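Residue numbers for the sequence shown follow full-length UniProt numbering, beginning at 1 and rising by one. We put the beta carbon where it would ideally sit given N, CA and C, even for glycine. For clarity, every value in this text was computed on a predicted model and none was experimentally measured.
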Amino acid sequence: MQMGYIFADLHLESKFEYATFSLNLVSPYLALLGDIGNTRDDALFTFFKRMLKQYTIVFFVPGNHEPYYSDWIDAHIKLTGFEKLANQSPEPGAGKFVYLNQTRYDLTPTVTILGCVLFSAIEPRHAKTIGNGLNDFFHIKDWTVDIHCQAHHSEVTWLKSQICEIAREEPTRSIAIFTHYCPTLDALEPKYEDSEYTSGFITDLRMEEYWRVRSVKVWAFGHTHYNYDIVEEGTGKRVVANQRGYPGDMTNGFDPGKTIEI
1 MQMGYIFADL
11 HLESKFEYAT
21 FSLNLVSPYL
31 ALLGDIGNTR
41 DDALFTFFKR
51 MLKQYTIVFF
61 VPGNHEPYYS
71 DWIDAHIKLT
81 GFEKLANQSP
91 EPGAGKFVYL
101 NQTRYDLTPT
111 VTILGCVLFS
121 AIEPRHAKTI
131 GNGLNDFFHI
141 KDWTVDIHCQ
151 AHHSEVTWLK
161 SQICEIAREE
171 PTRSIAIFTH
181 YCPTLDALEP
191 KYEDSEYTSG
201 FITDLRMEEY
211 WRVRSVKVWA
221 FGHTHYNYDI
231 VEEGTGKRVV
241 ANQRGYPGDM
251 TNGFDPGKTI
261 EI
């Protein structure tokens, strides 16, 4: 079945494109996988409302830029509040908003969406460099490397439990996973292969048992500003990123009509 369109890292906040950026695509589902804008901007939520008029379901995973110039607590409060209002008191003709924050959403009796940020596991040997070098630790209030790593542990613990439980109890159910951070070094842009900052962007899950669970048919992500789309040998799952990047610095290979199927 066609799942719909996937986009990440639109960065509408950069040139304040919330009102002008358009997605005039024919599909019931839209997945926005983080770094769409800043939650401090009311215009981000106006953009969401506009998308809800076009799609039956809008899935949203927050990225690291959503809480910029604010904090994660405030970002979560705003996103949770918007989801509640949009779904309990929808505007005429509006679809459903699904905020994916360690969330399982059963799309059909045989298809499940699992979504979370998937904060990266920062390597201790590079923690000081990353803490001093990434904007997240300056533009997100009270965000530290230690808290980031604690959040990573929470995310992977939840994700592992969900994947394994579904595979064990509902073996015929197909899973699509939506995260913001990248889950595999295979999707690393080659020029950053030796970068000290890599663990600030990517967690390599390829050796984890749950990575190889065949119930997972799609894993879509963003964050790296490097587009990627392969069907992995061995597991058969599609690993895909469709990221626009900053206006004026568009990411090569961005596809405004990119779809996924499961």
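**OP:** Just grab the DSSP bridge partners of residue 246 for me.
**Re:** Its beta-bridge partners are 249.
**OP:** Identify every residue that forms a DSSP beta bridge with residue 173.
**Re:** Residue pairing for residue 173: DSSP places it in no beta bridge.
**OP:** Closer than 8 Å by C-beta to residue 236: which residues in its own chain qualify, once you throw out the five before and the five after it? Chain order, please.
**Re:** For residue 236, where only same-chain residues beyond five positions count, the Cβ hits under 8 Å are 214, 217.
Subject >> Close-in-space but distant-in-sequence residues of the same chain around residue 53 (CB under 7 Å, 5 per side omitted) >> reply: Same-chain partners within the cutoff: 93, 94.
Original post:
Which of helix, strand or coil does DSSP assign to residue 261?
Top reply: In this structure, residue 261 counts as strand in the three-state DSSP scheme.
Subject >> Residue span of the beta strand (DSSP E) that contains residue 31, given as start and end >> reply: Annotation for residue 31: the continuous beta strand (DSSP E) segment containing it runs 29 to 32.
Original post:
How long is the line joining the alpha carbons of residue 49 and residue 19, rounded to whole angstroms?
Top reply: Near 11 Å, if we compare the C-alpha coordinates of residue 19 and residue 49.
Original post:
From residue 35 to residue 8, what does the alpha carbon distance come to, in whole angstroms?
Top reply: So the alpha carbons of these two residues sit roughly 6 Å apart.
**OP:** Please confirm if the stretch 155 to 172 is in contact with the stretch 131 to 140, defined as three or more CB-CB distances below 8 Å between the two stretches.
**Re:** At 8 Å Cβ cutoff, the stretches do not touch.
**OP:** On a CA-only basis, which of 82, 29, 47, 41 is nearest residue 21? Give me that one, please.
**Re:** It is 47.
Original post:
Do the CB positions of residue 67 and residue 39 come within less than 8 Å of each other?
Top reply: For residue 67 and residue 39, yes; Cβs fall inside 8 Å.
Subject >> Whole-angstrom distance between residue 240 and residue 51, CA atom to CA atom >> reply: Looking at the backbone, the Cα of residue 51 and that of residue 240 are separated by about 22 Å.
Subject >> Residue environment, residue 230, which counts as buried when at least 16 other CB atoms sit within 10 Å >> reply: So residue 230 ends up on the exposed side.
Original post:
In this structure, does DSSP put residue 115 in helix, strand or coil?
Top reply: Under the three-state reduction of DSSP output, residue 115 falls in the strand class.
**OP:** Mind checking which residues open and close the beta strand (DSSP E) that includes residue 220?
**Re:** Element bounds for residue 220: 216 to 221.
**OP:** Could you name the residues of the same chain whose beta carbon sits closer than 8 Å to that of residue 251, not counting the 5 residues immediately before and after it, in chain order?
**Re:** The residues are 9, 225, 226, 227, 243, 244, 245.
Original post:
Which whole-angstrom value is the C-beta distance of residue 33 and residue 61, which I expect to be below 8 Å?
Top reply: Contact between residue 33 and residue 61 holds: their C-beta atoms lie close to 5 Å from each other, under 8 Å.
**OP:** Could you please give me the residues that DSSP links to residue 98 through a beta bridge?
**Re:** Per DSSP, 59.
Original post:
By Cβ distance, which residues of its chain are closer than 8 Å to residue 123, with the 5 residues on each side in sequence left out?
Top reply: The answer, listed in chain order, is 199.
Original post:
Less than 8 Å separating the beta-carbons of residue 73 and residue 174?
Top reply: No, Cβ-Cβ distance for residue 73 and residue 174 is not below 8 Å.
**OP:** Quick one: give me the first and last residue of the beta strand (DSSP E) that residue 238 is part of.
**Re:** Looking at the DSSP string, the run of the beta strand (DSSP E) that includes residue 238 is 238 to 241.
Subject >> Whole-angstrom C-beta distance between residue 69 and residue 258, which should lie under 8 Å >> reply: Their Cβ separation, rounded to whole angstroms, is 29 Å, which puts residue 258 and residue 69 out of contact at 8 Å.
**OP:** Mind checking which residues open and close the beta strand (DSSP E) that includes residue 108?
**Re:** From DSSP, the beta strand (DSSP E) with residue 108 extends over 103 to 108.
**OP:** Answer with buried or exposed for residue 146, where buried requires no fewer than 16 other C-beta atoms within 10 angstroms of its C-beta.
**Re:** By the 10 Å Cβ count, residue 146 comes out exposed.
Subject >> Given 8 Å, three or more beta-carbon pairs between the stretch 170 to 188 and the stretch 109 to 127 >> reply: At 8 Å Cβ cutoff, the stretches touch.
Subject >> Residues bridged to residue 202 (per DSSP) >> reply: Looking at the DSSP assignment, residue 202 forms a beta bridge with 182.
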